[in-house]
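Mapping of the sequence shown onto full-length UniProt numbering: position 240 corresponds to residue 240, and the numbering continues sequentially without gaps. By construction, the Cβ of each residue, glycine as well, lies at the ideal position given by its N, Cα and C atoms. Take a look at the structure set out below.
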Amino acid sequence: MNFLDNVFHLKEHGTDVRTEVMAGITTFMAMAYILAVNPSILGTTGMDQGAVFTATALSAIAGTFLMVLFSNYPFALAPGMGLNAYFAYTVCGSMGYSWEIALAAVFVEGIVFILLSLTNVREAIFNAIPTTLKFAVTAGIGLFIAFLGLKNANLIVANPSTYVAIFPFKEAMETGAIHSQGVGAALAFVGILITGVMMIRNVKGNILWGIVITWGIGIVLQLVGIYVPNEELGMGSLLPDFSNGISIPSMAPTFAKLQFGSGVLSLDFAIVVFAFLFVNLFDTLGTLVGVASKANMLDEEEKLPKIKGALLADAIATSIGALFGTSTTTTFVESAAGVAEGGRTGLTSVVVMILFGLSLFLSPIFLAIPSFATAPALVIVGFLMLSSVLKINFDDITEALPAFICIIAMPLMSSISEGIALGIISYVLLNVFSGKAKEKKITVLMYALAIIFILKYIFIA
1 MNFLDNVFHL KEHGTDVRTE VMAGITTFMA MAYILAVNPS ILGTTGMDQG
51 AVFTATALSA IAGTFLMVLF SNYPFALAPG MGLNAYFAYT VCGSMGYSWE
101 IALAAVFVEG IVFILLSLTN VREAIFNAIP TTLKFAVTAG IGLFIAFLGL
151 KNANLIVANP STYVAIFPFK EAMETGAIHS QGVGAALAFV GILITGVMMI
201 RNVKGNILWG IVITWGIGIV LQLVGIYVPN EELGMGSLLP DFSNGISIPS
251 MAPTFAKLQF GSGVLSLDFA IVVFAFLFVN LFDTLGTLVG VASKANMLDE
301 EEKLPKIKGA LLADAIATSI GALFGTSTTT TFVESAAGVA EGGRTGLTSV
351 VVMILFGLSL FLSPIFLAIP SFATAPALVI VGFLMLSSVL KINFDDITEA
401 LPAFICIIAM PLMSSISEGI ALGIISYVLL NVFSGKAKEK KITVLMYALA
451 IIFILKYIFI A
């Protein structure tokens with residue numbers, strides 16, 4: 001015990017080993033859903049889901065270790081929600097790049113972030129961004145993630161007249177899709193309600209339990225014939241495949257598959273790297289402030305002590321994760337769950353690392369979990385992140401309107417980066433033209449970012 005106290009300074013932080021262990025278990029239970037969700041999202045790019053599962057767990061272990069080493073914070077890292085969606089649906093989807101090139105871009109932006117962290121640039125940006133926009137970024141990402149969860153579960157679908165609409169249950173009954181996509185869509189909504197009830201009752205690990213229970217109901221429905229697997233509709237069997245026994249899936253299909261070549265010098269690659277830099281920079285800062293504010297860890301000036309170490313851990317973990325074969329690794333908002341249980345030091349994070357290590361041997365279970373069972377997790381995480389909107393001052397339009405633009409742009413434009421850019425541009429312009437720029441003490445950096453983003457739309461798009 002004395003050894004642990006000397007290493008993690010438990011007494012200094014008013015905690016003990018038992019409290020830290022329980023906090024670590026709580027944090028893991030709150031974020032373990034990423035082991036099911038990340039392979040599902042990145043799998044849409046053609047990446048091997050087994051390899052992504054292993055990369056996800058190992059990236060979480062590596063990133064969390066770095067957080068302990070550099071800051072002794074009770075924060076855990078893993079491939080981030082929102083960032084994995086940006087990787088899959090924007091870079092590899094609408095932008096049309098291969099996942100190998102996307103991984104190379106993640107690796108490069110991680111290296112750049114390491115340099116920025118060492119030179120205090122990221123910390124300067126973090127402190128220069130108005131608090132209102134920090135909260136808006138967190139809320140906007142929450143809406144974006146919730147939208148993706150509903151979309152992946154087919155609870156909302158494309159509609160030519162209204163753009164999106166609820167799943168057409170009546171039509172599905174006529175075509176037979178009701179027994180696969182229809183059941184999945186319905187279970188996704190049921191899962192949201194189940195998770196919500198457990199949250200109200202303060203059940204620990206409610207998000208993970210929501211996934212497991214929703215999946216379990218699906219298995220029962222499959223066994224009685226109500227849910228019928230249909231690979232053509234993207235609805236496979238819900239039963240875990242233990243044919244290869246209990247083993248850790250190989251990372252070979254994705255490990256070090258970064259594609260550089262002559263393409264790294266092209267304008268296209270530069271744009272992809274810039275996009276990841278852009279999104280990761282503000283997503284990470286938004287997540288850090290979200291976790292820190294929920295845990296009451298910001299100081300009187302609303303700054304995060306030891307932020308340099310936290311940012312450096314995040315930056316190095318990003319490049320390591322890209323080598324392993326996963327999207328950007330970042331600090332998880334769910335770390336606040338462990339802090340709420342009393343976690344105050346890196347010992348909490350060490351417990352999370354150990355549990356991620358043990359989870360490597362449970363891959364058949366995590367990989368069998370369908371998208372309709374992970375949808376409740378995305379919606380609930382989105383809901384929790386959206387709560388930061390309560391901290392925005394809606395009595396001041398120069399604060400509230402840019403925040404609203406930032407928030408609403410992310411889900412409607414399917415891009416975190418567009419929301420951030422429009423939020424910063426509108427914040428600067430509204431305050432300048434209303435004569436409040438001096439009163440708000442808008443920093444030179446904010447002016448520079450606004451100009452850069454305006455030029456981006458003019459010359460890059």
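Report the three-state DSSP secondary structure of residue i (helix, strand or coil).
{"i": "N154", "result": "coil"}
{"i": "T330", "result": "strand"}
{"i": "Y447", "result": "helix"}
{"i": "I425", "result": "helix"}
{"i": "A32", "result": "coil"}
{"i": "Y163", "result": "strand"}
{"i": "M95", "result": "coil"}
{"i": "M235", "result": "strand"}
{"i": "N120", "result": "coil"}
{"i": "N393", "result": "coil"}
{"i": "N230", "result": "strand"}
{"i": "I129", "result": "coil"}
{"i": "H13", "result": "helix"}
{"i": "E300", "result": "coil"}
{"i": "L258", "result": "coil"}
{"i": "T279", "result": "Before going on, a small fix: residue 279 reads as Val here, not Thr. The answer is helix: DSSP assigns V279 an H, G or I state."}
Measure the CB-CB distance between residue i and residue j and report whether it falls below 8 Å.
{"i": "G184", "j": "A158", "result": "no"}
{"i": "M410", "j": "I129", "result": "no"}
{"i": "V121", "j": "V351", "result": "no"}
{"i": "L187", "j": "L378", "result": "no"}
{"i": "L445", "j": "I125", "result": "yes"}
{"i": "T27", "j": "A76", "result": "yes"}
{"i": "I34", "j": "T64", "result": "no"}
{"i": "I111", "j": "S319", "result": "yes"}
{"i": "residue 469", "j": "I145", "result": "Outside the shown range of the chain (1 to 461) lies residue 469, about which nothing can therefore be said."}
{"i": "V104", "j": "L323", "result": "It should be noted that the sequence gives Ala, not Val, for residue 104. Going by C-beta atoms, A104 is not nearer than 8 Å to L323."}
{"i": "A88", "j": "M385", "result": "no"}
{"i": "G423", "j": "A136", "result": "yes"}
{"i": "F453", "j": "A421", "result": "yes"}
{"i": "residue 474", "j": "A51", "result": "The displayed coordinates of the chain run from 1 to 461. Any statement about residue 474 would go beyond what the structure contains."}
{"i": "T90", "j": "S414", "result": "yes"}
{"i": "T214", "j": "I380", "result": "no"}
{"i": "L42", "j": "A317", "result": "no"}
{"i": "S335", "j": "P74", "result": "yes"}
Can you give the Cα-Cα distance for residue i and residue j, rounded to whole angstroms?
{"i": "I407", "j": "N244", "result": "45 Å"}
{"i": "F260", "j": "T326", "result": "16 Å"}
{"i": "L180", "j": "L221", "result": "Reading the sequence as shown, one finds Ser at residue 180 and not Leu. Roughly 10 Å between the two C-alpha positions."}
{"i": "V190", "j": "N202", "result": "18 Å"}
{"i": "L277", "j": "F113", "result": "8 Å"}
{"i": "L230", "j": "G182", "result": "Going by the sequence as given, residue 230 is Asn instead of Leu. If you take the alpha carbons of N230 and G182, they lie about 12 Å apart."}
{"i": "G14", "j": "G218", "result": "44 Å"}
{"i": "V37", "j": "K11", "result": "37 Å"}
{"i": "residue 493", "j": "T331", "result": "Look at the range of the chain in this structure, 1 to 461, and you will see that residue 493 is not part of it."}
{"i": "I365", "j": "A450", "result": "46 Å"}
{"i": "T254", "j": "G93", "result": "18 Å"}
{"i": "G176", "j": "F433", "result": "58 Å"}
{"i": "K303", "j": "N127", "result": "7 Å"}
{"i": "M31", "j": "F8", "result": "23 Å"}
{"i": "I178", "j": "G343", "result": "45 Å"}
{"i": "A403", "j": "V17", "result": "41 Å"}
{"i": "N6", "j": "L69", "result": "14 Å"}
{"i": "K440", "j": "N431", "result": "8 Å"}
{"i": "L193", "j": "L429", "result": "42 Å"}
{"i": "F3", "j": "W99", "result": "44 Å"}
{"i": "G236", "j": "K438", "result": "58 Å"}
{"i": "A165", "j": "E171", "result": "13 Å"}
{"i": "F53", "j": "K436", "result": "49 Å"}
{"i": "I369", "j": "D396", "result": "45 Å"}
{"i": "M47", "j": "S40", "result": "10 Å"}
{"i": "T398", "j": "S387", "result": "20 Å"}
{"i": "A375", "j": "L150", "result": "6 Å"}
{"i": "N206", "j": "Q49", "result": "25 Å"}
{"i": "V279", "j": "S426", "result": "18 Å"}
{"i": "T19", "j": "F269", "result": "47 Å"}
Buried or exposed: where does residue i fall if 16 or more other Cβ atoms within 10 Å of its Cβ makes it buried?
{"i": "M173", "result": "exposed"}
{"i": "Y163", "result": "exposed"}
{"i": "T119", "result": "exposed"}
{"i": "L390", "result": "exposed"}
{"i": "K306", "result": "exposed"}
{"i": "L58", "result": "buried"}
{"i": "L223", "result": "exposed"}
{"i": "V197", "result": "exposed"}
Does residue i come within less than 8 Å of chain C when only Cβ atoms are used?
{"i": "E100", "result": "Annotation note: the requested chain C is absent from the structure, which comprises a single protein chain."}
Let me check you understand the geometry: is the CB of residue i closer than 7 Å to at least one non-hydrogen atom of the ligand FAD?
{"i": "T56", "result": "Among the components modelled here there is no ligand, and therefore nothing to report on the ligand FAD."}
Report task. Quick one: which unbroken alpha helix (DSSP H) runs of 4-plus residues sit fully inside the stretch 34 to 91? Chain order, please. Result -> 34 to 42, 49 to 71
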